[in-house]
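Student: Below are the structure tokens for one structure; questions will follow.
Residue numbers (full-length UniProt numbering): 1 to 342.
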């Protein structure tokens, strides 16, 4: 039709013909590509897949031939997805997750709620109302099972996107339109030092006392990352630029602070017990501590078993019913300026 500006239909037999791709695309190639996209090199992918490097390289070449696009740029010191590779990776993750969860479509419906719930949780999650919810869920549905995998927030979001986790409890920097987000609670970060640090136990500390001190922190403590407010707090506290240790795991950051490697950030409610036990000492600032939100994140496109559906519904209802300040933690742990939130 003259003037028709709709997308042209690919000629049969062309590299982009949907029917040809449907007929010829081997799912195992997509599965291999997902691992390649998440790996650091073809060698790394081969080790994860327990295959030889030549066989993985051949699989990549076959997939690129089927798709008609280069998917990974490789060279000395270079290994990165192309634009087409990024697009295919997002779609392949979705397909992979759907296939992994096919068993949920075949489940036998019974009166009892069965099924397994996999939760990806960031290492610093301490939320009493969430703990009580898990207890209530288990009491009501004892035949359902849970697994909780502690990973970085970025990995938790990847697990949800790939449909390998039922939902995640983690920090969020950029929101994906494919996922759903609800704020579970808010935590406030302070700065702490351990018993071996010169400032430990000193009353009346000021920012000037912190000037030039070495620090430890989280991998995501960067201006362009999810802990940007913590990065700004460290800078405003006059701490030195030298970071002597980093980790994505809260327990390891805590370990380094207690060991005296430097002053570091921790959620004040998490550090409260260590402060009481004489393992940590809080340093300035004591007011206007940076708030960081922790979210529940799930994939609405993932087919869920009954246990997953019920637990997510309970979570959603709990978040809607309980005010944010009560979902966080005991208000006695908060600095006075945070006892009454706007």
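Heads up, the beta-carbon is just placed ideally off N, CA and C, and yes, glycines get one too.
Bear in mind the structure is a predicted one, so any value in this text is a computation, not a measurement.
For a quick check, are the C-beta atoms of residue 209 and residue 163 less than 9 Å apart?
Tutor: Contact flag unset, no.
Student: Roughly how many whole angstroms lie between the Cα atoms of residue 213 and residue 247?
Tutor: Their backbone Cα atoms lie some 19 Å apart in a straight line.
Student: In angstroms, rounded to a whole number, what distance separates the CA positions of residue 284 and residue 315?
Tutor: Going by the C-alpha atoms only, they are around 35 Å apart.
Student: Checking the sheet assignment: what are the DSSP bridge partners for residue 298?
Tutor: Paired residues: 180.
Student: Could you check whether the Cβ of residue 197 sits closer than 9 Å to any Cβ belonging to chain C?
Tutor: Absent here is chain C; the protein component of the structure consists of one chain.
Student: Provide the residue(s) that pair with residue 80 in DSSP beta bridges, ordered along the chain.
Tutor: 73, per the DSSP bridge assignment.
Student: If you count every other CB in all the chains shown that lies within 10 Å of the CB of residue 232, and 16 or more means buried, which is it?
Tutor: The residue is exposed, with fewer than 16 neighbouring Cβ atoms inside 10 Å.
Student: Please report the distance separating the alpha-carbon of residue 255 from that of residue 150.
Tutor: For residue 255 and residue 150, the distance between alpha carbons rounds to 17 Å.
Student: Within the continuous beta strand (DSSP E) that includes residue 119, where are the two ends?
Tutor: Where residue 119 is concerned, the enclosing beta strand (DSSP E) stretches over 116-121.
Student: By DSSP, does residue 190 sit in helix, in strand, or in coil?
Tutor: Here residue 190 sits in strand by DSSP.
Student: Going by beta carbon distance, what residues of the same chain come within less than 6 Å of residue 120, once the five residues before and after it are set aside?
Tutor: These residues qualify, in order along the chain: 149, 151, 156, 159, 165, 168.
Student: Residue 252: which of 35, 123, 279 sits nearest, CA to CA?
Tutor: Ranking 35, 123, 279 by Cα distance to residue 252 puts 123 first.
Student: Whether or not the segment 289-303 and the segment 182-189 are in contact is what I'm after, with contact meaning three or more pairs of Cβ atoms, one per stretch, closer than 8 Å; do they touch?
Tutor: Segments in contact, yes.
Student: In three-state terms, what does DSSP make of residue 265?
Tutor: Strand at residue 265.
Student: Taking its Cβ as the centre, do 16 or more other Cβ atoms sit within 10 Å of residue 317, making it buried, or is it exposed?
Tutor: Exposed.
Student: Please tell me whether residue 199 and residue 263 are closer than 9 Å, where the distance is taken between their beta carbons.
Tutor: Yes.
Student: Which residues in the same chain as residue 45 place their Cβ atom closer than 7 Å to its Cβ, once the five residues preceding and following it in sequence are excluded?
Tutor: Counting only Cβ-Cβ distances below 7 Å, and skipping sequence neighbours, we find 35, 36, 39, 56.
Student: Just reading off the beta strand (DSSP E) that residue 168 is part of, what are its end residues?
Tutor: Taken as a continuous stretch (DSSP letters only), the beta strand (DSSP E) holding residue 168 covers 167-170.
Student: Where does residue 322 sit, in a helix, a strand or coil, going by DSSP?
Tutor: In the structure shown, residue 322 sits in coil (DSSP, three-state: anything other than H, G, I, E or B).
Student: Please list, in chain order, all residues of the same chain as residue 170 whose beta carbon is under 6 Å from its beta carbon, the five residues on each side excluded.
Tutor: Excluding sequence neighbours, residue 170 sits near 122, 153, 156.
Student: Using DSSP with H/G/I as helix, E/B as strand and the rest coil, what is residue 245?
Tutor: In this structure, residue 245 counts as strand in the three-state DSSP scheme.
Student: Going by Cα to Cα distance, which pick from 227, 117, 216 is closest to residue 369?
Tutor: There is no way to answer for residue 369, as the model of the chain reaches only from 1 to 342.
Student: In the DSSP assignment, what residue or residues form a beta bridge with residue 149?
Tutor: Paired residue(s): 120.
Student: Which first and last residues belong to the alpha helix (DSSP H) in which residue 34 is found?
Tutor: First-last of the alpha helix (DSSP H) with residue 34: 27-38.
Student: Going by Cα to Cα distance, which pick from 74, 70, 64, 76 is closest to residue 26?
Tutor: If we check each option's Cα against that of residue 26, 64 comes out closest.
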